[in-house]
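Novice: After the structure tokens below, expect a handful of questions from me.
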Amino acid sequence: MNTWQQRLETLDSDRLRGMLRGVEKESLRANADGTLALTPHPKALGSALTHPHVTTDFSESQLELITGVHHDADACLGELTDIHLAVQRSLGKEMMWTSSMPCVLPPDETIPLGMYGSSNIGRAKSVYRMGLGHRYGRRMQTISGIHYNWSLPGVGSDGYFSLIRNFRRHSFLLLLLFGASPALSADFVAGRGDHGLQESQAPQRSPCDSLYLPHATSLRMGRLGYQSDAQSSLAVSYNGLEGYASSLEDALTQPYPPYERIGVMNLGGEYNQLSTSLLQIENEFYGTIRPKRVIRSGERPLHALRQRGVEYVEVRCMDLDPFEPVGIAAGTMRFIDIFLLHCLFSDSPPDTPEEIAALATNQQLTASRGREPGLMLQRRGQAVSLMDWSRELIAEFEAIAAHLDAKLGGSLYREAWHGAQARLSTPDELPSARVLQAMGSTYSNSHIQFTRAQSLKTREHLLALEPNPGWLRQFEQAAHESLLEQTRIERADTLPFEQFRQQYLSSTQLLADAERTERAA
């Protein structure tokens, strides 16, 4: 028996029943013709600043739907579905875009930023988004995905960082199995001559409205998605909490010349960004997975991690599945559970700069060419077939699925494992392949027309569901209370915004937090 299997055997039923997961799901609001909805965040959805289940991400047009934490994947999916149902009933003729890659976008400067009211914290959220637009362009920020938040009782910071290192080594498998963004609208890369994509041309359609790569799995996770040349200079190690925190601290406190040229304010006195450092705030750091901690009011995420340790991990590499009404299936959640437990219980040697560079290359190759026969990745300095490596991992996952079902009852985890194994053995059934097949067979190779049809179908599906009257009343009450809470926050502000900004971003405060943590240790 392998060491990781011996560790797995110590995982009893009580601890497994304490396993928690929650979902944050982003979707653009789109019009029936596939263009971005430019209307404000609907009043019926309450305050994007304070609503517990509905907010916005980068754009005012980009919904973010948030479940609570659940002991069971079906319960999590059920709440996510209830939120979708309530939200869709508030959108009128608009729909939620079912692809991670955006709908037809207006000119970059007219993509609306998220607005959160007049409070200092609300203004800071909008200024932060203004900064993202200046730094990376607003189009890139309209990409949407699913974040899967996960925890297991008895795991401390060292255990979670061990998990994270293995996750980064093996996350190519999630891109292969669940990536669903092999194509995008041509207007997304307008003006970029180096995109490297192929035209998805139909004889009757000119000019081409879609671009793709024939073996891509997730363009969202490739070089056209959430990527940053500036952040590639960050040498972030996941060998421990303090090393991770220190590397981010430097990025949060050291001025970065290109962003200094943008400036905090423009000549008219309006804010361009929160700061001129490489990262304005911690959440600007891109990654496939993050160590997380629930923060207190006004607290910096980095401070929360240092003071109280890692509480859960946030998986950030999951595309929206356009074939699922709410973007993810319960079976997918269960497979991620299996995957994360394997990451947690397997040996996890420290990472090195050389390995970190190889992992970045593996991610790019899988995102752009993951279904290409014979594709090779790097593992411990040696070339290895992506498919051979994937089969090795899937084979090891079987014992975890069996253990979960034995301890929790039923066969759902083995079914999730079988589903992944079947996808791996029939690459044409992978979501990325299904997207391209559907585009070609029915929608004249148009990504926009395919996703528009899926989005309309999803809208009709949600509206046809029988609503739970109790849930709808609860949702309406939450929306009402969120508006009252936003007003309370705005009235309670006493500091001028500039003073608030400086205090929140103070490097002195970050350093003081670090020193207190070291003394406490």
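Sequential numbering of the sequence shown, starting at 111, is according to this note's numbering. By construction, the Cβ of each residue, glycine as well, lies at the ideal position given by its N, Cα and C atoms.
(1) Could you check what DSSP says for Y322 in three-state terms: helix, strand or coil?
(2) Taking only runs that begin and end inside the segment 142-207, name each unbroken beta strand (DSSP E) of 3 or more residues, in chain order.
(3) My assumption, with CB atoms under 8 Å, is that P217 sits in contact with S171. Please give the rounded CB distance.
(4) Less than 8 Å between the CB atoms is what I'm expecting for L242 and F168, so what's the real figure, rounded?
(5) Would DSSP call C427 helix, strand or coil?
(6) Cβ of L454 within 8 Å of Cβ of L273?
(7) For R479, name the three-state secondary structure that DSSP assigns.
(8) Please confirm if the segment 139-147 is in contact with the segment 254-270, defined as three or more CB-CB distances below 8 Å between the two stretches.
(9) Which of helix, strand or coil does DSSP assign to Q564?
(10) Who are Q488's beta bridge partners in DSSP?
(11) How is N276 classed by DSSP in three states: helix, strand or coil?
(12) Going by CA-CA distance only, name the one from L430, Y366 and S551 that's closest to S565.
(13) List the endpoints of the continuous alpha helix (DSSP H) containing P367.
(14) Cutting at 7 Å between CB atoms, please list the residues of its own chain near S458, excluding the five before and the five after it.
(15) Pull up the DSSP beta-bridge partners for P401, would you.
(16) In the structure shown, what three-state DSSP assignment does S542 receive?
(17) Here's a check: name, in chain order, each residue in its chain whose Cβ is nearer than 6 Å to the Cβ of L451, leaving out the five neighbours to either side.
(18) Classify G224 as buried or exposed, calling it buried when 16 or more other Cβ atoms lie within 10 Å of its own Cβ.
(19) My output table needs one value for D623: the three-state DSSP class, helix, strand or coil.
(20) Once DSSP output is grouped into helix, strand and coil, what is the label at Q390?
(21) Closer than 8 Å is the cut-off here; do at least three beta carbon pairs connect the segment 238-253 with the segment 597-604?
(22) What does DSSP give as the partner residues of A293 in its beta bridges?
(23) Are three or more beta carbon pairs between the segment 152-160 and the segment 534-547 nearer than 8 Å?
(24) When you compare only the Cα positions, how much space is there between L615 and R233?
(25) From the DSSP output, which residues share a beta bridge with Y396?
(26) Could you tell me the distance, in whole angstroms, from the CA atom of F610 to the CA atom of T113?
(27) Which residues in the same chain as S281 place their Cβ atom closer than 8 Å to its Cβ, once the five residues preceding and following it in sequence are excluded?
(28) For a cutoff of 8 Å on Cβ pairs, would you count L285 as touching chain D?
Specialist: On the basis of the data shown:
(1) Counting from one through the sequence shown, the residue named residue 322 turns up at place 212. In the structure shown, Y322 sits in a strand (DSSP, three-state: E or B).
(2) 164-166 and 172-176
(3) On the sequence shown, position 107 is the one that residue 217 refers to. On the sequence shown, position 61 is the one that residue 171 refers to. Not quite, the Cβ-Cβ distance comes to about 14 Å (not below 8 Å), so this is no contact.
(4) Reading the sequence shown from its first residue, position 132 is the one you call residue 242. Reading the sequence shown from its first residue, position 58 is the one you call residue 168. Right, their Cβ atoms sit about 6 Å apart.
(5) Taking the first residue of the sequence shown as 1, we reach residue 427 at position 317. Looking at C427 - three-state DSSP - the assignment turns out to be strand.
(6) The sequence position of residue 454 within the sequence shown is 344, counting from 1. The sequence position of residue 273 within the sequence shown is 163, counting from 1. Result yes, Cβ atoms of L454 and L273 sit closer than 8 Å.
(7) Start at 1 with the first residue of the sequence shown, and residue 479 comes out as number 369. Helix.
(8) no
(9) As a first step, residue 564 must be located in the sequence shown, where it is residue number 454. It is helical.
(10) Taking the first residue of the sequence shown as position 1, residue 488 is located at position 378. Q488 is bridged to A493.
(11) On the sequence shown, residue 276 is found 166 positions in, with the first residue counted as 1. N276 falls in the helix class under three-state DSSP.
(12) Stepping through the sequence shown from its first residue, residue 565 is reached at position 455. For the residues L430, Y366 and S551, the minimum Cα distance to S565 belongs to L430.
(13) Locating residue 367 in the sequence shown gives position 257, counting from the first residue. It spans P367 to I372 - the alpha helix (DSSP H) in which P367 sits, taken as one unbroken run.
(14) By 1-based counting over the sequence shown, the position of residue 458 is 348. Counting only Cβ-Cβ distances below 7 Å, and skipping sequence neighbours, we find S272, R275 and N276.
(15) Working through the sequence shown from its first residue, we reach residue 401 at position 291. P401 is bridged to V423.
(16) As a working note, residue 542 is residue 432 in the sequence shown. It is helical.
(17) As a working note, residue 451 is residue 341 in the sequence shown. Excluding positions up to five away in sequence, the list reads I510.
(18) As a first step, residue 224 must be located in the sequence shown, where it is residue number 114. Answer is buried; the Cβ neighbour count reaches 16.
(19) Within the sequence shown, residue 623 is the residue found at index 513, counting from 1. In this prediction, D623 scores a pLDDT of 44, lower than 50, which makes its location untrustworthy; the coordinate-derived value is nonetheless stated afterwards. D623 falls in the helix class under three-state DSSP.
(20) For the purposes of this step, residue 390 is identified with residue 280 of the sequence shown, where counting begins at 1. Q390 falls in the coil class under three-state DSSP.
(21) no
(22) What you label residue 293 is simply residue 183 of the sequence shown in a count that begins at 1. Bridge partners of A293: Y322.
(23) no
(24) Residue mapping note: residue 615 aligns to position 505 of the sequence shown, counting from 1. Residue mapping note: residue 233 aligns to position 123 of the sequence shown, counting from 1. So the two alpha carbons sit approximately 14 Å from each other.
(25) Mapped onto the sequence shown, residue 396 falls at position 286. Per DSSP, none; premise fails for Y396.
(26) In the sequence shown, counting from the first residue as 1, residue 610 sits at position 500. In the sequence shown, counting from the first residue as 1, residue 113 sits at position 3. Spanning the two alpha carbons is a distance of roughly 51 Å.
(27) Within the sequence shown, the letter at position 171 stands for residue 281. Here the set comprises T398, I399, C427 and Q473.
(28) No chain D appears in the structure shown, which is made up of a single protein chain.
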